[in-house]
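What follows is a single structure, written as structure tokens, with notes after it.
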Amino acid sequence: MKSKVYALYKGDELLEIGTKKELAEKFGVKPKTIAFYNTPSYTKRTSHNKGRRLVALD
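Per this note's numbering, residue 37 is the first one in the sequence shown, and the count goes up by one each step.
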């Protein structure tokens, strides 16, 4: 089974593309933290320019 691939952004800047595990290793956080970047509660807590956003790629 293939893992989903995601793009991680900070504002309009693309930081990295990879699986949740790969992104977590790159940024020194847990995969759960990467997944949290895609939740409505995280979006409410952060501004568009300062918060990170996780986008699933097809």
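Quick reminder that beta carbons are idealized off the backbone N, C-alpha and C, glycines included.
Secondary structure of residue i, DSSP reduced to three states
i, result
"LYS66", "coil"
"LYS46", "strand"
Local Cβ density within 10 Å of residue i, reported as buried at 16 or more and exposed below that
i, result
"ARG81", "exposed"
"LEU50", "exposed"
"LEU93", "exposed"
Cβ-Cβ separation, residue j to residue i (assumed contact under 8 angstroms), whole Å
i, j, result
"ILE70", "LYS86", "With 8 angstroms as the limit, ILE70 and LYS86 do not qualify as a contact, their Cβ atoms being about 17 angstroms apart."
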